[in-house]
Amino acid sequence: SGTLPRPARPRIMTVANQKGGVGKTTSAVNLAAGLAIHGLGVLVVDLDPQGNASTALGIDHRQPGVASVYEMLLDDVALRDAIQRSPADENLYCVPSTLDLAGAEIELVSLVARESRLRNALNEEVLAEFGIDYVLIDCPPSLGLLTVNAMVAAREVLIPIQCEYYALEGVGQLLRNIELVQAHLNRDLHVSTILLTMYDGRTKLADQVAAEVRNHFGDKVLSTIIPRSVKVSEAPGYGMTIIEYDPGSRGAMSYLDAAKELAQRAAIEGGLA
Ligand code: ADP
Ligand code: MG
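Below you can see the structure in the form of structure tokens.
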């Protein structure tokens, strides 16, 4: 499987786009798997009450009594007690989400340091103990307090953009929110990566969208484009990443390539070990 550069310090990335269905969860999970297969330690924090990232990583998050990201944010449960290893890969971990998280947007409002709960929970020593090189935070499709927590905890934002009509709709608003968080809560935050998803080569539109996004975001856009593929959408139904489900598929290859590109940019993003 070859080696990929290991960042000097964990790269914490928020996967955000307030539009639903653009490939946030699919990308968080499969990029994580693509990094982990090369021996990098990866933690996916599932910040969506739907828990789709937890499901795709084979984590049983509906079991009563499972410590989840909810308890980490609201009840000061430690990262060490909420982290679980994914059966997908020995280097892949997840802090699962449970349905309780749906209430968290409201419950967080009255708490002290409500925007920094996740940042405070992502204890550096525990990340080091588990050998985590990458933290990918899968955001819900909104710009509420959960997404703000993700943006305060991260240094980088990765925006998946679907190669479809209205691809850039709402992206302006997302960028303004990122600027606000940067101005008031987290000076280091920046958009480091754009990933084009669900590309359908048979349509002219997909090429137009890809060109428009590249024109707008330049070299932040990964050269790898994720194709639309039924296999990619089937994998989570089996509690699997695409890399486990069908390693030779176009979808798996594209996420492996995208993960490689991401890792090779570690040098730009804060040095290598
Ligand atoms: P989001 O997290 O932004 O809401 P998802 O990752 O859940 O988006 O993707 C939305 C839907 O599209 C899901 O049903 C998912 O399985 C499907 N999907 C995502 N990426 C692809 C792809 N490359 N090809 C086909 N279907 C995809
Ligand atoms: Mg999602």
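Numbers in UniProt numbering are just positions in the sequence shown, counted from 1, shifted up by 41. Where is the CB? At the ideal position from N, CA and C, for every residue including glycine.
| Check | Outcome |
| --- | --- |
| Within the present structure, is the beta-carbon of residue 20 separated from the nearest heavy atom of the ligand ADP by less than 8 Å? | Missing from the structure shown is residue 20; the chain here goes from 42 to 314 and no further. |
| Could you tell me whether the Cβ atoms of Leu84 and Leu221 are closer together than 9 Å? | no |
| Using CA coordinates, which residue listed in Ile53, Thr188, Gly280 is at the minimum distance from Glu165? | Ile53 |
| Could you pull the start and end residues of the alpha helix (DSSP H) that Val250 belongs to? | 245-258 |
| If I measure Cβ to Cβ from Gly185 and keep anything under 8 Å in the same chain, skipping five residues before and after, which residues do I get? | Glu146 |
| Opposite Leu237 in the DSSP bridges: which residues? | Ile202 |
| Can you tell me which of His231, Ile267, Leu72 puts its alpha carbon nearest to the alpha carbon of Lys261? | His231 |
| Just grab the DSSP bridge partners of Leu79 for me. | The residue you asked about is not Leu; residue 79 is His in the sequence shown. None, per the DSSP bridge assignment. |
| Going by other Cβ atoms of all chains shown within 10 Å of its Cβ, with 16 needed for buried, is Glu210 buried or exposed? | exposed |
| CB Pro137 to CB Ser157, shorter than 9 Å? | no |
| What span of residues does the beta strand (DSSP E) with Leu263 cover, start to end? | Segment: none, Leu263 is in no beta strand (DSSP E) and carries neither H nor E. |
| So is the beta-carbon of residue 333 under 8 Å away from any non-hydrogen atom of the ligand MG? | The chain is shown from 42 up to 314; residue 333 falls before or after that span and cannot be answered. |
| Please state whether the Cβ-Cβ distance between Leu263 and Leu236 is less than 9 Å. | yes |
| Whether or not the region 70-77 and the region 283-294 are in contact is what I'm after, with contact meaning three or more pairs of Cβ atoms, one per stretch, closer than 8 Å; do they touch? | yes |
| Short check: CB of Leu199 to CB of Leu303, under 9 Å? | yes |
| Tell me whether His231 sits in a helix, a strand or coil according to DSSP, three-state version. | strand |
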